[in-house]
Amino acid sequence: MPDNVKIAIIGIGVVGSGVLKLISKMKNLIAKRKNVNIEVKYAVDKDKTRLDAINIPSIIKTDNYKDALKDPEVKIVVELVGGTDFAYRLIKEALESGKNVVTANKALLAEKGHELFELAKKMNRSIGFEASVGGGIPIIRTIFDALCGDKIVGVYGIVNGTTNFILTKMYEENISFKEALHEAQKLGFAEANPKLDISGYDAAHKIAILAQLAFNSKVEFKDVYVEGIENIELEDVKNADELGYIVKLLAIAKLDTDNSIEVRVHPCLVSKENQLAFVRNEYNAILIESEFFGDSMYYGKGAGAFPTATAVASDIVEIAKNLSFDTTSTKLNMFFDFKVKNIGEIESRYYVRFLVPDKPGVLSKISGVFGQHNISIASVIQKERSKETYVPLIMTTHSAKEKSMITALNEIEKLDFSKKRGVMLRILDED
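Residue numbers (the numbering used here): 73 to 503.
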């Protein structure tokens, strides 16, 4: 007979209702595959209409989560309320009550995960968080289990569907950021207030989690460099295309040779030959570079009720199986202490665009400033614009330190011919 494991789902929104539907439909299949019977005993939500929509008589519907925490039969609490303050209190109370926890809460784990995982260890309980990154893409388990015998040296992710949709539309339909955002909102791929997504902070929460998992070293969320896509102009998307690149918002975590780590989110020029360049619209992808396996990429829908529900369900089943053997699993093991590198210390190739007067001497002055800061120019394109005094000057550089690049741009901005600050975008290394 399959082991019977009772759970409580707290938060019956888009994902919570998706988890309920999945377990209801797949319960028998899960039991046959894993010899464990998952039973939802409690559905908890403050919104009565959400509870009323649940047509499963055996489920206890309540607006008080403490009912579930007090019930000794409940072994797993599934937190799907979102936000950080209440979710933090809920998970803390659940662990202190002897419950195992499953969560999709990336913001909470990025900001307070260390404390919660320490509490889970103390209470000998598990926290499942597969759904916190990449929706239904099984990236957490891949890093923790499938690649546990390899050394991960880089994680490169398109981990936000909203920004990827916007950049895809700008590239494919030749439209502005504002127009692409409006289309994303109209189709439901962007929130009415899209700030968390377009500013890069959603992706930053996710890469903070992945970096800690990949490198087994603590990463404070405040140390993640974050830059969004709100200032990306169509002109630069088109220029990148002509140069053989596509603009993507990348979440990057790298282990450098000096045992420091880079953890950053920003727009990037990605070669059209790179696997990540083929990731379109709302889809997510995570490319992992490891010492023995090499490059491997994981692709799928990064959000939505059912993709996320599959990840939540996988955690529920894993913890339920562990209960059979009286074991727990702690995926965030921090036994290294790598320093997170400041953005000024990273090295990258760069794309820069200046608006300059069409007259002799301008290029030599800009080149001179770059030379003073050991920045080597790889290519130069000056576009003609009839009857215009100022023309775009596009350059790409060889690898240089970011702080050198910023200093050079500051100095160029002060030159007598400068009309406005140059646009700078990083180019993803293909080494």
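Where a beta carbon is used, it is the ideal one built from N, C-alpha and C, also for glycine.
Practice task
Would you mind sorting F364 into buried or exposed? The rule is 16 or more other CB atoms within 10 Å of its CB.
Solution key: exposed
Problem - Boundaries (first-last residue) of the alpha helix (DSSP H) holding T175 - result: No alpha helix (DSSP H) contains T175, which is instead part of the beta strand (DSSP E) from N172 to T175.
Practice task
With a 10 Å radius around its C-beta and 16 neighbouring C-beta atoms as the bar for buried, classify F408 as buried or exposed.
Solution key: exposed
Handout entry: Bounding residues of the alpha helix (DSSP H) (the contiguous stretch that carries R493)
Key = First-last for R493: undefined, no H or E at that position.
Exercise for the section: Return yes when the Cβ of S289 is within less than 8 Å of the Cβ of M406, no when it is not. Expected result: yes
Handout entry: Among I163, G300, N107 and E307, nearest to S396 - alpha-carbon criterion
Key = N107
Practice task
Mind reading off the beta-carbon distance from E151 to T175? Whole number of angstroms is fine, and I expect it under 8 Å.
Solution key: 4 Å
Exercise for the section: Could you tell me the boundaries of the alpha helix (DSSP H) in which K138 lies? Expected result: Y137 to K142
Handout entry: Segment limits, alpha helix (DSSP H) that includes N109
Key = Not the alpha helix (DSSP H): N109 falls in the beta strand (DSSP E), residues V108 to V116.
Handout entry: Span of the beta strand (DSSP E), counted from its first residue to its last, around A312
Key = First-last for A312: L306 to E314, but that is the alpha helix (DSSP H), not the beta strand (DSSP E).
Practice task
Please name the residue in T234, L348, K97 and E168 whose C-alpha comes closest to that of K258.
Solution key: T234
Practice task
Write down every uninterrupted run of the beta strand (DSSP E) in the segment 355 to 436 whose length is 3 residues or greater and which is fully enclosed by it, in chain order.
Solution key: 355 to 362, 366 to 373 and 419 to 429
Problem - beta strand (DSSP E) segment containing L259, residue limits - result: Note, L259: premise wrong, no beta strand (DSSP E); not H, not E.
Problem - With 16 other Cβ atoms within 10 Å as the buried cut-off, status of A264 - result: exposed
Handout entry: T479, enclosing alpha helix (DSSP H) - first and last residue
Key = E474 to E485
Practice task
Give the range of the beta strand (DSSP E) segment to which G229 is assigned.
Solution key: I224 to I230
Handout entry: T329 to L435 span [Cα, whole Å]
Key = 36 Å
Handout entry: Buried/exposed call for R425, threshold 16 Cβ in 10 Å
Key = buried
Practice task
Please classify E334: does DSSP put it in a helix, a strand, or coil?
Solution key: strand
Problem - For E165, three-class secondary structure by DSSP - result: helix
Handout entry: Segment limits, alpha helix (DSSP H) that includes N270
Key = In the sequence under discussion, the amino acid at residue 270 is Ile, which differs from the Asn named in the question. Where I270 is concerned, the enclosing alpha helix (DSSP H) stretches over K267 to I270.
Exercise for the section: Return helix, strand or coil for K99, following the three-state DSSP convention. Expected result: helix
Problem - Backbone secondary structure at K147 - three-state DSSP - result: strand
Handout entry: Three-state class that DSSP yields for T240 in the structure shown
Key = helix
Problem - Per-residue DSSP class, three states only, for K133 - result: strand
Exercise for the section: Sort out for me which residues DSSP pairs T469 with in a bridge. Expected result: I449
Practice task
For the beta strand (DSSP E) holding A326, just list the boundary residues, first then last.
Solution key: Residue identity check: residue 326 is Lys in the sequence provided, not Ala. Where K326 is concerned, the enclosing beta strand (DSSP E) stretches over Y317 to L327.
Handout entry: Coil, strand or helix - L152 by DSSP
Key = coil
Exercise for the section: Would you mind working out which of A115, E419, F489 and S451 sits nearest D501, comparing C-alpha positions? Expected result: E419
Problem - Where the alpha helix (DSSP H) containing K184 begins and where it ends - result: K178 to M195
Handout entry: Coil, strand or helix - G206 by DSSP
Key = coil
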